[in-house]
Amino acid sequence: MYSLQTLRTRGLLGLAATAALAVPSVLLAPPASAAVSNGGFETGNLTGWTSAGATAVVGSGAHSSTYAARVGGTSHAKGDSTLRLVSHDADHRGAPTSARFDDVQLTPAPALTRIDTDPFTNSTSQHATVVEPDTFASGNTVIAVAQNGRFFNGGASGLGWARSADGGVTWTHGTIPGITVYQGGAFSRVSDPSVVYDARHATWLVAGLPLNSTSSGITGAGVTVSRSTTGGVSWQSPVRAVGFNGPNYDKPWITCDNTPTSPFYGRCYIEVDNVSSGNRILMSTSTDGGLTWSAPVAPSGSPSGLAGQPLVQSNGKVVVPYSANGSAIRAFNSTNGGASWSSTSFVHSVQAHTVAGGLRAPRGIASAEVSGDNRIFVAWHDCRFRANCTANDIVYSTSTDGVTWSGVTRVPIDSTTSGVDHFLPGLGVDRTTSGTTTRIGLHYYFYPSANCTSTTCRLQVGYISSANRGATWTTATALTGPFPLSQIANTNQGRMVGDYISTSIVGGRAVSAFPVGRAPTTGQAFDEALYTAGPLTVG
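Just so we're aligned: the sequence shown equals residues -34 to -1, 1 to 505 in mature numbering (1 follows the signal peptide of the UniProt record, and there is no 0).
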């Protein structure tokens, strides 16, 4: 994939225009010229490139628009690129019907790497689909986990893993054994994976939610923890950590205290909610590398919610931001290694535009990280900065104690009048950085147009970063080309890439894993696999 940017333009008014162009990485020598048009208002001749497909009008306006054309090839395998007009002839006052683009510059953009695919073949779930990934990094090792073979009404045939030992450049992958009947286990399905490294015990841990399928529905049996003492190369049979006692559980998350000077170094934490008790939040701890787990306890006041993400500060304090059932984000904490948990504090209300096309993108499910100076960052999608809540931005709030929170800050991916909808953030914060030099990497999904339908919506993945704790941000980059919702798993809550994604920082660079849909070519219904781009520069 390449990014094209014009250095000079002629014949345009002082309004910017962009064109999305798919350019195969093998096409290094440009042939003759090509043109893009918004249907007669403006036409640009791209010197040195030949169009390989009809121009598609993404938007139109009297003098400014977004164009889409395929240049140099017909495949979107390498994703889309962007042509941006960065200057214009200030003396031109007419209403032009055409413009000439000069001095087009070719620069490389990140290529996608396919890191995990669905290996299952059971007839009861959708193949090939991979959804809902999490990532974690320790040293140069990155582990990604995701659902493989998504069922329409909940869960997947198994959990897949992908491993990189060189900071996200090359990958191997496989499946985690012993959970579902398709992996040598006892359960019909599994969902909601998360991954962490326990530095004290040199053990990788993957939490999952095994599901029971009965005539009365799908229920979460409890939380399993799968361990690897081989650096993620192989995985042991799972440990039953929480539940398996009748109630229905949902949305577990796992983390560990990896600070050697912490009084609770090597202690790991699981958050989960008990659906049968009104989504009552529960916490459990382990001090032996995930082999055994404490009886779960509720925070003070027995709050209800879901999708809590425990974060450990360097002094051993644990802060858990969570979704207060979609309407707000709240948080609680522990200062005694999880023996007890505080009452909850209010982070912020959630104001969300309903993502179009029936895409599954739950409101209020946040992505949370902590920096080297113990500042907690919580990001979610929110429409408060858009007139009439017509689209979502990615926003965030921070705290140093988990009790008092900053105001809501908007990530400036584009303007508040862009019409672009952003959602499902995966936030990464470099824990080796702190203060005003804190580095942040953010992956997210987006629609180029928020006003679309299930047949016209086109999903993409974007990336943006900051090297100064969000004071300024880089120009956002589209990592994938647009793909239709029909190419991703279908569920009873909408088409699905996941309820969450994540970003990890490795050696100062950002690594993520995200599902992308392609047109299937092997006779299966889908070709939705897990991809990564980069590793990417932060800041």
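Every residue gets a Cβ at the ideal spot worked out from N, C-alpha and C, and that includes glycine.
Candidates the options: closest to residue i by CA position
i: S280; options: Q490, G436, R233 and S268; result: R233
i: S181; options: G460, T438, N119 and V191; result: N119
i: D493; options: A499, R424 and P481; result: P481
i: V172; options: V156, W371, G183 and A131; result: V156
i: A407; options: I430, S372 and I342; result: Checking the displayed sequence, the identity of residue 407 turns out to be Gly instead of Ala. Of I430, S372 and I342, the residue nearest in Cα terms is I430.
i: F86; options: G150, V321, G303 and T258; result: G150
i: residue 506; options: L451, T503 and D396; result: The chain is shown only over -34 to 505; residue 506 falls outside these bounds and no answer can be derived.
i: V361; options: V472, G282 and S372; result: S372
i: N245; options: T258, P76 and P269; result: P269
i: S315; options: D380, V285, S200 and R350; result: R350
i: L177; options: V386, W170, F153 and S123; result: F153
i: T399; options: G323, G385, G473 and G255; result: G473
i: L125; options: F117, R341 and Q275; result: F117
i: D387; options: T251, D82, R352 and S179; result: R352
i: Y235; options: P229, P414, V241 and Q275; result: Q275
i: T195; options: N240, A305, R166 and G115; result: R166
i: A168; options: Y231, D380 and T446; result: Y231
i: A334; options: W259, I295 and S300; result: I295
i: P229; options: G282, N211 and A476; result: G282
i: T141; options: D367, P414 and D82; result: D82
i: T503; options: V321, G198 and S478; result: S478
i: G121; options: S179, G401 and T488; result: S179
i: F412; options: G447, G401 and T438; result: G447
i: D254; options: V199, W170 and T488; result: W170
i: W137; options: G183, I109 and P143; result: I109
Extent of the continuous beta strand (DSSP E) to which residue i belongs
i: H347; result: I342 to D348
i: V463; result: V463 -> no beta strand (DSSP E), and no H or E assigned at all.
i: T190; result: G188 to S194
i: P481; result: F480 to R484
i: K283; result: Per DSSP, K283 belongs to no beta strand (DSSP E) and is neither H nor E.
i: P176; result: T169 to T180
i: S160; result: R155 to D164
i: D223; result: It is not in any beta strand (DSSP E) - D223 carries neither H nor E in the DSSP assignment.
i: V208; result: V205 to G209
i: F298; result: A294 to S300
i: I379; result: Looking at the DSSP string, I379 is not in any beta strand (DSSP E), and its letter there is neither H nor E.
i: N240; result: C234 to N240
i: G255; result: Run containing G255: none; DSSP gives neither H nor E here.
i: I145; result: Unbroken run through I145: none, as it is neither H nor E.
i: L125; result: A122 to S130
i: residue 536; result: The chain is shown from -34 up to 505; residue 536 falls before or after that span and cannot be answered.
i: A261; result: Careful: A261 lies outside any beta strand (DSSP E) and carries neither H nor E.
i: residue 538; result: Any question about residue 538 goes unanswered here, given that the chain covers just -34 to 505.
i: A152; result: Taken as a continuous stretch (DSSP letters only), A152 belongs to no beta strand (DSSP E), as it is neither H nor E.
i: D493; result: D493 to A499
i: S470; result: T469 to V472
Inter-residue CB distance, residue i and residue j (contact presumed, cutoff 8 Å)
i: V205; j: L248; result: Actually they are not in contact, since the Cβ atoms of V205 and L248 sit about 17 Å apart, beyond 8 Å.
i: Q490; j: H93; result: 5 Å
i: G483; j: S432; result: 29 Å between Cβ atoms; not a contact.
i: F298; j: P265; result: 4 Å
i: S123; j: S91; result: 5 Å
i: T107; j: T498; result: That pair is no contact at about 14 Å.
i: L325; j: G460; result: 5 Å
i: W127; j: V111; result: 5 Å
i: M462; j: I471; result: So it is not a contact: roughly 26 Å between Cβ atoms.
i: V96; j: L496; result: 5 Å
i: D359; j: V377; result: 7 Å
i: G134; j: G392; result: G134 to G392, Cβ: 14 Å. No contact.
i: S300; j: S306; result: 6 Å
*Please go through the region 404 to 456 and give each complete alpha helix (DSSP H) segment of 4 or more residues, from N-terminal end onward.*
none
*asked:* Between the region 280 to 292 and the region 337 to 346, can you find at least three pairs of beta-carbon atoms closer than 8 Å?
replied: yes
*Taking contact to mean at least 3 C-beta pairs separated by less than 8 Å, is the region 208 to 217 in contact with the region 184 to 196?*
yes
*Is the region 327 to 341 touching the region 299 to 311 in the sense that three or more CB pairs, one from each, lie closer than 8 Å?*
no
*With a cut-off of 8 Å, do at least 3 Cβ pairs link the region 161 to 177 to the region 219 to 230?*
yes
_Uninterrupted beta strand (DSSP E) stretches inside the region 80 to 112 (no shorter than 3 residues)_ = 96 to 104
_Any 3 or more C-beta pairs closer than 8 Å across the region 100 to 116 and the region 464 to 483_ = yes
*asked:* Measuring CB atoms only, is the region 432 to 448 touching the region 394 to 407, in the sense that at least three cross pairs come out at less than 8 Å?
replied: yes
*beta strand (DSSP E) runs wholly inside the region 313 to 337, at least 3 long, in chain order*: 333 to 336
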